[in-house]
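Residue numbers (the working numbering), protein chains in the order written: chain A, 1 to 381; chain B, 382 to 637.
Note sheet for the following structure.
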Ligand code: SF4
Ligand code: SF4
Ligand code: SF4
């Protein structure tokens with residue numbers, strides 16, 4: 001892509017460079033002066049952008065790894081295999097990013113392994129931590145073994161490749177089980193604050209909503225990336241597959257919406273939808289962007305032929321998801337916290353740095369390992 | 382040792398700040414405000430006295446019977462001691478701040494400017510309690526507004542006061558039942574939400590809300606493993622049969 005659009009490429013390089021510069025500076029402040037200096041977090045608002053976006057949203061965006069894997073390798077619908085590699089790579093990079101941002105966010109990151117030996121089965125965060133740890137390991141196996149396929153002829157790599165492939169089915173099943181657990185448990189994190197959270201979002205169904213929306217956004221991310229890569233890297237777009245998973249996404253979004261409406265009906269929360277306050281507007285924003293618009297686009301006849309429509313639908317789903325997660329973790333708590341929170345410039349820079357590094361790594365790896373091409377069809381089998 | 386507790390009675394508090402000073406002294410905490418009535422809870426102030434017109438309310442950890450902080454901490458850094466106080470182990474803590482996010486009374490505070498930050502809050506002077514002494518704040522209180530003792534005795538005393546002087550007390554003991562009950566009990570002439578104490582808290586411990594979801598985990602693991610394993614086997618077989626049929630058809634066609 002660099003050759004075709006030298007100017008554009010230079011532009012994005014400069015942008016990326018600036019973001020990284022700001023991020024590195026923020027990291028320096030975080031390490032030398034602590035959380036107070038770098039962030040707008042406070043006693044009243046102990047969780048901010050890093051937890052809300054990097055962790056709670058990031059894990060969801062990486063959900064494509066387990067869903068595509070389940071479809072292609074557990075339900076054995078082999079035509080999905082071309083999508084598995086990019087999906088697994090996205091997931092692996094996503095989870096590594098989550099762990100790195102946790103290292104930044106935790107007050108004492110050197111104790112990050114403590115859940116392993118000091119566990120607490122009553123804590124939703126304990127469950128999330130354990131699942132993320134194990135699942136990242138699994139993603140590493142899944143990705144490294146398919147990457148190793150290329151270098152099979154080198155003896156130790158070949159042995160490793162063979163070994164992982166022998167165990168790949170249980171490994172993948174474990175991956176799906178772990179994902180099911182922690183994608184939903186991210187929602188369970190918030191069950192503990194029934195009186196502090198705004199009722200538009202607080203629900204005993206939160207783990208279920210989190211799970212369904214994670215699957216939907218996982219598919220959307222795969223579509224989003226395939227579109228971006230097919231433009232940037234001239235790969236053939238597997239259009240029919242993508243429009244299939246986007247239709248599943250559409251169905252999931254509809255289920256999610258009606259599920260929430262049933263819950264609203266049972267708990268008598270419909271009146272809240274008309275209360276003129278920030279929370280209500282934010283709820284409508286997430287619902288219109290993340291549910292109504294994508295569903296209309298996905299099921300319109302145009303989506304059957306237009307890559308762009310599909311891409312727009314996927315992008316909207318991703319943004320709606322982002323709004324939802326930030327609303328759950330930040331907007332819904334603001335009133336009871338009694339203070340407002342907006343991330344500091346340095347907080348945002350660190351997040352932007354991680355996202356940028358993620359993209360750079362993805363582009364670099366997809367250049368060196370045939371991600372979308374024919375060889376991908378060998379998959380992890 | 383029987384579980385201990387604290388009883389604070391707004392009607393008896395003179396707003397002198399002796400508890401505030403005693404707590405600071407007990408833990409060698411630095412001065413944080415020129416006017417103690419304006420100070421708010423922080424990593425250096427485990428308790429504060431707040432002014433509401435001409436009455437005063439204390440704020441400190443409620444030492445819940447089923448502490449939310451204990452239930453959410455992924456590394457078990459918080460502990461409910463048999464003596465009543467809820468204590469914290471900074472060496473175990475990894476600084477996720479879930480305890481701060483989850484505490485229904487918004488009590489835990491963080492050392493935001495430290496490079497090895499700790500969570501800080503009132504520990505009901507656990508070190509003194511195990512020695513058989515009362516808490517520093519109760520000892521310092523000149524008017525008996527802060528009372529230390531066996532929790533059961535304090536509950537009886539609180540009920541006695543509500544009955545003995547019904548028109549001086551709003552008829553509720555805050556901390557008796559909130560989120561499963563607390564080892565700190567509060568009495569006041571006016572409703573507690575006016576002091577920004579959460580009066581909407583359910584009676585059951587908050588961890589029951591989380592556990593309702595988490596207790597499904599073993600079931601989900603068992604079910605989804607079997608389901609996915611079964612699906613793998615089934616779909617693989619289906620594909621194989623389809624392939625064989627195709628080959629057979631092809632063979633038959635070739636024969637003809
Ligand atoms: S008031 Fe908060 S910090 Fe104190 S014991 Fe209860 S949950 Fe823990
Ligand atoms: S901040 Fe520390 S004490 Fe609080 S929940 Fe996290 S690990 Fe536990
Ligand atoms: S019980 Fe001890 S730690 Fe708690 S407020 Fe009183 S003096 Fe401070």
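Virtual Cβ for every residue (Gly too), placed ideally from N, Cα, C.
Less than 8 Å between the CB atoms is what I'm expecting for residue i and residue j, so what's the real figure, rounded?
i             : j             : result
residue 56/A  : residue 105/A : Not really, about 11 Å apart at Cβ, beyond 8 Å.
residue 591/B : residue 340/A : Their Cβ separation, rounded to whole angstroms, is 27 Å, which puts residue 591/B and residue 340/A out of contact at 8 Å.
residue 207/A : residue 481/B : No, residue 207/A and residue 481/B are not in contact; Cβ-Cβ is about 22 Å, not under 8 Å.
residue 98/A  : residue 54/A  : 6 Å
residue 385/B : residue 564/B : 7 Å
residue 487/B : residue 569/B : Not quite, the Cβ-Cβ distance comes to about 19 Å (not below 8 Å), so this is no contact.
residue 343/A : residue 76/A  : Wrong, their Cβ atoms sit about 44 Å apart, outside the cutoff.
residue 215/A : residue 63/A  : 6 Å
residue 523/B : residue 397/B : 6 Å
residue 307/A : residue 219/A : Residue 307/A to residue 219/A, Cβ: 16 Å. No contact.
residue 573/B : residue 567/B : 7 Å
residue 324/A : residue 286/A : 5 Å
residue 112/A : residue 197/A : Wrong, their Cβ atoms sit about 27 Å apart, outside the cutoff.
residue 347/B : residue 517/B : Given that chain B is displayed from residue 382 to residue 637, the structure contains no residue 347/B and the question cannot be resolved.
residue 529/B : residue 538/B : The pair is not a contact, with the Cβ atoms about 12 Å apart (cut-off 8 Å).
residue 495/B : residue 473/B : Actually they do not touch by this definition, with Cβ atoms about 17 Å apart.
residue 336/A : residue 229/A : Contact doesn't hold; Cβ gap of about 43 Å is too wide.
Residues bridged to residue i by DSSP?
i             : result
residue 438/B : 431/B
residue 491/B : 500/B
residue 563/B : 445/B
residue 387/B : 529/B, 565/B
residue 211/A : DSSP, once it has assigned bridges, lists no residue as partnering residue 211/A.
residue 555/B : 567/B
residue 423/B : 426/B
Do residue i and residue j have their CB atoms nearer than 7 Å?
i             : j             : result
residue 282/A : residue 61/A  : no
residue 201/A : residue 328/A : yes
residue 673/B : residue 595/B : With chain B covering only 382 through 637, there is no way to say anything about residue 673/B.
residue 213/A : residue 66/A  : no
residue 185/A : residue 124/A : yes
residue 289/A : residue 316/A : yes
residue 475/B : residue 114/A : yes
residue 440/B : residue 526/B : no
residue 560/B : residue 485/B : yes
residue 426/B : residue 420/B : yes
residue 120/A : residue 455/B : yes
residue 505/B : residue 74/A  : no
residue 453/B : residue 507/B : no
residue 593/B : residue 195/A : no
residue 493/B : residue 35/A  : yes
residue 382/A : residue 147/A : Nothing in the structure corresponds to residue 382/A, since chain A is present only between 1 and 381.
residue 347/A : residue 49/A  : yes
residue 192/A : residue 587/B : yes
residue 173/A : residue 609/B : yes
residue 503/B : residue 428/B : yes
residue 551/B : residue 571/B : yes
residue 501/B : residue 424/B : yes
residue 242/A : residue 223/A : yes
residue 299/A : residue 250/A : yes
residue 175/A : residue 117/A : no
Quick one: is residue i near chain C, going by C-beta distance under 7 Å?
i             : result
residue 443/B : Here chain C cannot be found, since the structure's protein chains are A and B.
**Request:** Say whether the region 129-142 of chain A touches the region 85-97 of chain A, bearing in mind that this needs 3 or more beta-carbon pairs closer than 8 Å, one atom from each stretch.
**Result:** Yes, the region 129-142 of chain A is in contact with the region 85-97 of chain A.
**Prompt:** Do the region 72-92 of chain A and the region 166-179 of chain A meet, that is, are 3 or more Cβ pairs less than 8 Å apart?
**Reply:** Contact between the region 72-92 of chain A and the region 166-179 of chain A is present, because at least three Cβ pairs lie under 8 Å.
**Item:** the region 20-39 of chain A in contact with the region 350-366 of chain A per 3-pair CB rule at 8 Å
**Value:** yes
**Request:** May I ask you to verify whether the region 438-450 of chain B touches the region 459-470 of chain B, counting CB pairs closer than 8 Å and requiring at least 3?
**Result:** yes
**Message:** Measuring CB atoms only, is the region 356-366 of chain A touching the region 387-406 of chain B, in the sense that at least three cross pairs come out at less than 8 Å?
**Reply:** Judged by pairs of C-beta atoms under 8 Å, the region 356-366 of chain A does not touch the region 387-406 of chain B, as fewer than three such pairs exist.
**Prompt:** Does the region 157-167 of chain A come close enough to the region 131-140 of chain A that 3 or more CB-CB pairs lie under 8 Å?
**Reply:** no
**Asked** How do the region 80-87 of chain A and the region 25-38 of chain A stand: do at least 3 beta-carbon pairs fall below 8 Å, yes or no?
**Response** no
**Asked** Counting pairs of Cβ atoms below 8 Å between the region 254-274 of chain A and the region 302-315 of chain A, do you hit three or more?
**Response** Per the Cβ contact rule, the region 254-274 of chain A is not in contact with the region 302-315 of chain A (fewer than 3 Cβ pairs under 8 Å).
**Asked** Can you list the alpha helix (DSSP H) stretches of 4 or more residues lying completely in the region 583-616 of chain B, in chain order?
**Response** 588-595
**Asked** Counting only runs that start and end within the region 460-484 of chain B, where is the beta strand (DSSP E) found for 3 or more residues in a row?
**Response** 467-469
**Prompt:** So, do the region 242-257 of chain A and the region 294-307 of chain A have three or more beta carbon pairs nearer to each other than 8 Å?
**Reply:** Contact between the region 242-257 of chain A and the region 294-307 of chain A is present, because at least three Cβ pairs lie under 8 Å.
**Request:** Could I get the ranges of all uninterrupted beta strand (DSSP E) runs contained in the region 49-112 of chain A, with 3 residues as the minimum, in chain order?
**Result:** none
**Whole runs of the alpha helix (DSSP H) within the region 146-232 of chain A, excluding any shorter than 4 residues** = 155-166, 168-188, 206-232
**Item:** 4 or more residues per run - each alpha helix (DSSP H) lying fully within the region 302-345 of chain A
**Value:** 307-326, 332-337
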